[in-house]
Structures are given as structure tokens and as C-alpha cells.
Amino acid sequence: MEEAIDEFIRYLSFVKEAKENSLVSYRRDLMRLLFFMRKESINSWSEVTEDQLYSYVRSMNEKLMADTTISRHISTIRSFWHFMVESGELENDITEGLKAPHIEKSLPKILTEREIAMLLEQPDINTPKGKRDKAMLELLFATGIRASEITRLRIDDIEFRLNCIDFKNFGQDRIVPFGQHARGAIMDYLKGGRLNLLGDTVDEGILFLSATGGKAMSRQGVWKMIKKYGKMAGIKADITPFSIRHTFASHMIENGADIQVVQEMLGHTDIASTQRYADNKHNYIREIYQRTQPR
63 MEEAIDEFIR YLSFVKEAKE NSLVSYRRDL MRLLFFMRKE SINSWSEVTE DQLYSYVRSM
123 NEKLMADTTI SRHISTIRSF WHFMVESGEL ENDITEGLKA PHIEKSLPKI LTEREIAMLL
183 EQPDINTPKG KRDKAMLELL FATGIRASEI TRLRIDDIEF RLNCIDFKNF GQDRIVPFGQ
243 HARGAIMDYL KGGRLNLLGD TVDEGILFLS ATGGKAMSRQ GVWKMIKKYG KMAGIKADIT
303 PFSIRHTFAS HMIENGADIQ VVQEMLGHTD IASTQRYADN KHNYIREIYQ RTQPR
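In the numbering used here, the protein residues as written are 63 to 357.
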């Protein structure tokens with residue numbers, strides 16, 4: 063049985079070119095399965111039944127192993143069985159019925175108002191790039207829009223008279239307002255930064271330009287910019303465009319905004335996506351109560 067594991071690992075290494083740490087993980091998972099099966103007096107992989115695989119998964123649950131760990135084990139078992147069937151060592155794939163546990167996606171940390179202020183102080187607004195970055199950060203915190211949206215914004219998507227973004231050019235019936243801080247930062251960038259970044263290239267109307275070539279910033283560029291300023295501000299949490307979006311939504315709901323209004327601003331088609339932020343607020347309130355209420 064161990065020889066089959068060795069053959070599978072060689073296949074992953076030479077055919078799939080899996081990384082060393084992945085190979086170590088696969089082997090460890092399969093050796094754990096092998097140890098379990100030997101305790102069941104199984105001497106060949108062909109003797110393993112579907113019920114025994116279910117028993118193995120139950121044993122992991124009984125040991126209170128994390129859902130992510132159990133899911134990884136199940137994925138490993140499926141891959142191994144598929145390899146064994148494809149190579150003719152086994153006749154049937156008995157792993158199709160194995161169900162991985164549902165894993166809730168954890169929401170990122172909500173930034174405090176102090177952390178937001180520290181982050182917004184980092185761009186050097188005496189430079190064209192700093193003016194651009196300041197405007198982007200202010201707009202992200204003011205609107206909660208996605209990185210993929212802010213990189214596609216055009217100047218004519220901004221309604222300065224109403225202080226809002228109109229997403230009609232995105233094919234959406236969606237208006238997202240912003241405040242005076244974001245407006246001021248965008249105006250400062252348009253007056254004293256954007257043309258410098260544009261250089262001699264043809265102006266296609268993109269609002270936020272990259273530092274080279276006068277083209278639109280990439281999503282990766284936005285991620286790197288946010289991470290850089292987070293590090294400069296000394297914020298330990300991993301800051302991403304999504305954590306800014308999460309912070310925006312959470313602060314809106316904490317301050318009494320209607321969940322349907324937040325849904326509209328975030329562009330969620332399903333209110334269940336927005337409901338997570340309300341649930342997060344309720345969990346926070348419950349945690350504070352349990353920590354401070356003696357009875």
C-alpha cells in the first residue's frame with residue numbers, strides 16, 4: 063500500500079510538477095489514511111470500502127480537526143483514488159460520495175477610524191503619484207467600490223455637481239455618493255497630478271493612471287499601493303481593497319444605515335452578501351455584552 067503512495071507522489075512530482083511542500087502534505091495525509099486502514103486490518107487499497115472512507119472522515123471530525131484540514135484530506139484522497147483508477151490499480155472510484163465540510167469565508171479585520179486616518183496620511187501629496195494615491199484611498203474608503211471598479215473609472219463617471227459616481231457606463235443603474243474629503247482629493251489630483259502621469263500619451267479619459275505610460279492602473283497595482291501604505295502606517299493587519307470595502311460597509315451599518323442602501327452602494331445583487339456585515343455587527347455587540355455584563 064505504501065508503494066502506491068510512493069508512485070502517486072512521483073506522479074505529482076514529475077508529471078504535475080507539484081511543489082515540495084505540497085508533496086510533503088500529500089504524503090502526510092495519505093500515510094495517516096494508511097495507518098487508519100491498517101488498524102482496520104486492510105492490506106490492499108482494493109479492499110477499502112466506501113463505508114471505511116466515511117469512517118475515516120468521521121474519525122477526523124471526532125478528533126475536532128479543523129474543517130479546512132478535513133477538506134484538504136478529502137481532496138488528497140480523491141486525487142489519490144483518481145490516480146489509482148486511471149493507472150488501472152483500482153476498478154472503481156469510491157470517493158465521489160465524500161463530502162467536504164462547508165467552510166465559511168472569514169471576513170477581514172475592520173479598520174478603526176485611527177487606522178484609516180493613519181493610512182490616508184501616508185501618500186506624499188507633493189508628488190503626482192502621491193496625489194493619485196491619496197485620491198484613490200479617499201474614494202475607496204468613501205464608497206467601498208471594488209478594485210476592479212476603481213481602475214476602470216473614467217473622469218466622466220464622476221458627477222462633481224452631485225458628489226457621486228454614476229455607474230451607467232458599467233451597465234449598472236447604480237449611484238454611489240462620496241463626501242468632501244474624497245472630492246477634494248480627486249480635484250487636487252486632477253489639477254496637479256493626472257496630467258503629469260499622462261505625459262505624452264493620448265488621453266483616453268481614464269481617471270486613475272499608472273505611473274508609466276499613462277494607462278489605467280491594474281488591480282495588482284492597487285493592491286500593492288494599499289499594502290505599501292499599510293506597512294508605512296505601521297498597521298499590522300493585512301490591508302487589501304476588500305478589507306477597505308469591508309470596513310466601509312461595516313461602518314455604514316454600525317452607524318445605522320439601512321442594509322438595502324448598503325447593498326445598493328456595494329452593487330450586491332444578492333442581499334445575503336450584504337447581510338454578512340449586519341451579522342458581523344451583531345456578533346460584535348454580543349462579544350462586548352459577554353465581556354462587560356457581569357450577569
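Note that the Cβ used here is the ideal one computed from N, Cα and C, for glycine as well.
The structure displayed is predicted, hence computed values, not measured ones.
Check	Outcome
Three-state secondary structure assigned by DSSP to Leu-173	coil
CA-to-CA distance, Ala-295 to Asp-219, given in whole angstroms	31 Å
Whole-Å CB distance - Gly-206 paired with Arg-307, under 8 Å assumed	5 Å
Residues that Pro-303 bridges to, as DSSP identifies them	None, per the DSSP bridge assignment.
Three-way DSSP call (helix, strand, coil) for Ala-278 in this model	strand
Among Ser-272, Arg-236, Ile-217 and Val-264, nearest to Ile-248 - alpha-carbon criterion	Ile-217
Alpha-carbon to alpha-carbon, Glu-148 and Phe-98	24 Å
Separation of Phe-270 from Lys-253, as counted between CA atoms	13 Å
As assigned by DSSP and simplified to three states, the class of Ile-288	helix
Alpha carbon of Arg-140 to alpha carbon of Thr-157, nearest angstrom	6 Å
Delimiting residues of the alpha helix (DSSP H) encompassing Pro-190	190 to 205
Nearest-angstrom Cα separation, counted from Gly-276 out to Thr-366	With the chain running from 63 to 357 in the structure shown, residue 366 is simply not present.
Minimum C-alpha distance to Ile-297 - residue among Met-180, Gln-282, Ile-136 and Met-198	Met-180
Ala-244 and Glu-200 closer than 7 Å at C-beta	yes
Residue burial classification, Ile-315 (beta-carbon count within 10 angstroms, cutoff 16)	buried
Between the CA atoms of Gly-292 and Asp-320 - distance to the nearest angstrom	30 Å
Run of the alpha helix (DSSP H) containing Asp-129, from where it starts to where it stops	129 to 148
Span separating the alpha-carbon of Arg-236 from that of Ser-312	20 Å
Delimiting residues of the alpha helix (DSSP H) encompassing Val-238	Here Val-238 belongs to no alpha helix (DSSP H); instead the beta strand (DSSP E) covers 237 to 239.
Rounded straight-line distance, which links the Cα of Thr-174 to that of Gln-242	20 Å
Sequence-distant residues of its chain with Cβ nearer than 7 Å to Cys-226 (five each side left out)	Ile-237, Val-238, Pro-239 and Phe-240
Residues bridged to Leu-271 [DSSP beta-bridge criterion]	Ala-278
Asp-320 (DSSP reduced to helix, strand or coil)	coil
Separation of Arg-89 from Lys-78, as counted between CA atoms	15 Å
Contact check, Ala-80 vs Trp-107, beta carbons under 7 Å	no
Alpha carbon of Glu-64 to alpha carbon of Arg-100, nearest angstrom	11 Å
For Thr-213 and Arg-281, the rounded distance between their alpha carbons	7 Å
Minimum C-alpha distance to Leu-74 - residue among Lys-286, Gly-283 and His-144	His-144
Spatial distance of Asp-300 from Lys-171 (CA atoms)	8 Å
Proximity winner among Lys-290, Gln-337 and Ser-133, relative to Asp-186 (alpha-carbon distances)	Lys-290
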